[in-house]
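Student: Chains A and B are the protein sequences, given in the same order. If you count by this note's numbering, then the first sequence holds residues 24 to 107, one letter each, in order. If you count by this note's numbering, then the second sequence holds residues -1 to 143, one letter each, in order. Below you will find the structure I want to go over with you.
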Amino acid sequence: MMLNILYFAKLADELGCKQETLTISAPEITLTTLKAQLSTRGDAWQTQLNAPTTRCAVNQVLVNDNTVVSADAEIAFFPPITGG
Amino acid sequence: MIRVQVSNFEVQAEYERLTSAANCGATAMFVGRVRDFAHSSGKDFHLEHYPGMTEKVLTQIERDARKRWSIHEFSIIHRVGKLEVNEQIVFVGVSSAHRADAFDACQYAIDVLKTSAPFWKKEGDYWVEAQTSDVDRAEHWLNKT
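Listed below in structure tokens is the structure:
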């Protein structure tokens, strides 16, 4: 299945990536597993994705790591919000 | 009404829109401006956002506010892109029959926006850090149902 992953703000800078399409050889995956898979890319990935302050949204709704994502989901990782 | 835009806004025009409905006895408005976070004036200030999710969250804030308080007109305008220190960045306006509804709904909207709407401020190369006091203010409202 294909996942569309977005990265914002400081996370995008640290990872050198704003958007990617990832192919996963399973019909669904938990965020915990997805994060573990992405973390194998290196220290920056490991640190940024697993920081306790890092937030995740699936299809534009904030979720926790137990969330299961399936085909064509839009996943976003970002640091704490600082608008307003 | 929710707007996410690059261009500036005119407070007087927004006030007139808020008070166009009948029986608007009270109107509360909040305007936020860009502060000099890193004390490095002259650096580029930039506001990034998550298009789509931002509008979704702001629309939900309006929906929730309308459930909790008696509101006539409701506006949130948030700017994005390149901004200068001291420029207007956010507008929240609420009109109602009575001041308590207008004041509370206005404060609720800006407090919840600060911790749930995906915007990020960057000054030069420096990403502005989130404040725990902002989380406390939002939770104060969200725990008071």
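Here a beta-carbon is modelled for each residue, glycine too, at the ideal position from N, C-alpha and C.
#1: Are the stretch 64 to 81 of chain B and the stretch 106 to 122 of chain B in contact at 8 Å, needing three or more beta carbon pairs?
#2: Report yes if the CB atom of F72/B is closer than 8 Å to the CB atom of V29/B, and no otherwise.
#3: Any idea which residues DSSP pairs H76/B with across the strands?
#4: Taking the beta carbon of V92/B as the centre, do at least 16 other beta carbons fall within 10 Å, making it buried, or is it exposed?
#5: Classify H96/B: buried if its beta carbon has 16 or more other beta carbons within 10 angstroms, exposed otherwise.
#6: What distance in whole Å lies between the Cβ atoms of R31/B and I108/B, which are believed to be in contact at a cut-off of 8 Å?
#7: Can you name the residues of chain B whose CB is closer than 7 Å to the CB of Q83/A?
#8: Whose Cβ in chain B lies nearer than 8 Å to the Cβ of I104/A?
#9: What residue range does the beta strand (DSSP E) around S93/A cover?
#10: Which chain B residues are close to F118/A, counting only those with a beta carbon under 8 Å from its beta carbon?
#11: Less than 8 Å between CB atoms is the rule here; does K33/A satisfy it with respect to chain B?
#12: Output needed in chain order: residues of the stretch 53 to 84 of chain A with a Cβ under 7 Å from some Cβ in chain B.
#13: In whole angstroms, give me the CA-to-CA distance for E158/B and K142/B.
#14: Can you grab the Cα-Cα spacing for the pair I28/A / Y13/B, in whole Å?
#15: Return yes when the Cβ of A128/B is within less than 8 Å of the Cβ of P50/A, no when it is not.
#16: Could you tell me whether any Cβ in chain A is nearer than 8 Å to the Cβ of I108/B?
#17: Identify each residue in the stretch 58 to 92 of chain B for which the Cβ-Cβ distance to at least one residue of chain A is less than 7 Å, and report them in chain order.
#18: Is it the case that the stretch -1 to 7 of chain B contacts the stretch 72 to 82 of chain A, given that we only count it when at least three CB pairs across the two stretches are under 8 Å?
#19: Between W139/B and chain A, is the shortest Cβ-Cβ distance under 8 Å, so that the two count as touching?
#20: For the beta strand (DSSP E) that contains M25/A, what are its first and last residues?
#21: For the alpha helix (DSSP H) containing F101/B, list its first residue and its last residue.
#22: Got a sec, what are the start and stop residues for the alpha helix (DSSP H) A80/A sits in?
Tutor: Straight from the coordinates:
#1: yes
#2: Here F72/B is not near V29/B, since their CB atoms are 8 Å or more apart.
#3: V2/B, V88/B
#4: By the 10 Å Cβ count, V92/B comes out buried.
#5: exposed
#6: At roughly 13 Å, the Cβ-Cβ gap does not stay under 8 Å, so I108/B and R31/B are not in contact.
#7: G50, M51, K54
#8: K112, T113, S114, A115, P116, F117, W118, A128
#9: 91 to 93
#10: Outside the displayed span of chain A (24 to 107) sits residue 118/A, for which this structure offers no information.
#11: yes
#12: A80, Q83
#13: This structure gives no information on residue 158/B, because the portion of chain B shown stretches from -1 to 143.
#14: So the alpha carbons of these two residues sit roughly 40 Å apart.
#15: no
#16: Yes, because at least one Cβ of chain A sits closer than 8 Å to the Cβ of I108/B.
#17: Under the 7 Å Cβ criterion, the stretch 58 to 92 of chain B contributes H76, V88.
#18: no
#19: It does not; no Cβ of chain A falls within 8 Å.
#20: 25 to 30
#21: 97 to 114
#22: Premise fails: A80/A lies in the beta strand (DSSP E), 78 to 81, not in any alpha helix (DSSP H).
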